[in-house]
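Student: Could you have a look at this structure, given as structure tokens, before my questions?
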Amino acid sequence: MNRLIKPAVFMLALVPFALLLLQVLQNNLGPDPAQELAKATGEWSLRFLLIALTLTPLRFITGSPQFVRQRRMLGLFALFY
Numbered sequence: 281m282n283r284l285i286k287p288a289v290f291m292l293a294l295v296p297f298a299l300l301l302l303q304v305l306q307n308n309l310g311p312d313p314a315q316e317l318a319k320a321t322g323e324w325s326l327r328f329l330l331i332a333l334t335l336t337p338l339r340f341i342t343g344s345p346q347f348v349r350q351r352r353m354l355g356l357f358a359l360f361y
């Protein structure tokens with residue numbers, strides 16, 4: 281079970297990128313695509329940053345170190361977006 285968590289989190293973190301790529305390929309970004317991409321990637325970056333920062337308090341509340349193992353990867357996805 282523990283071996284499957286890291287790849288699952290990785291694949292779930294790539295979903296926003298796939299959705300943005302689909303919008304680019306379908307030309308659904310509106311009249312100013314650069315602004316829409318900057319806005320969307322900035323919002324996803326903030327979401328991933330907030331998720332990564334909430335994992336440490338969640339570990340203290342639950343007592344499970346499982347959450348902290350994913351923190352670095354989610355922080356890197358925040359940088360990616």
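Numbering (my numbering), first residue to last: 281 to 361. Just so you know, even glycine gets a beta-carbon here, dropped at the ideal spot from N, CA and C. Every value quoted in this text rests on a predicted model; they were computed, and no experiment measured them.
Just the Cα atoms here: how many angstroms apart are leucine 359 and leucine 317?
Tutor: On the sequence shown, position 79 is the one that residue 359 refers to. On the sequence shown, position 37 is the one that residue 317 refers to. Computed Cα separation, rounded: 15 angstroms.
Student: If you draw a straight line from the C-alpha of phenylalanine 357 to the C-alpha of serine 344, how long is it?
Tutor: Here the question's residue 357 lines up with position 77 in the sequence shown. Here the question's residue 344 lines up with position 64 in the sequence shown. Pairing phenylalanine 357 with serine 344, the inter-Cα distance amounts to about 22 angstroms.
Student: Pop quiz: alanine 332 and glycine 355 are said to be a contact at Cβ under 8 angstroms. What is the actual Cβ separation, rounded to whole angstroms?
Tutor: By 1-based counting over the sequence shown, the position of residue 332 is 52. By 1-based counting over the sequence shown, the position of residue 355 is 75. Right, their Cβ atoms sit about 4 angstroms apart.
Student: Assign phenylalanine 328 to one of two classes, buried (16 or more other C-beta atoms within 10 Å of its C-beta) or exposed (fewer than that).
Tutor: Position 48 of the sequence shown holds residue 328. Burial call: buried.
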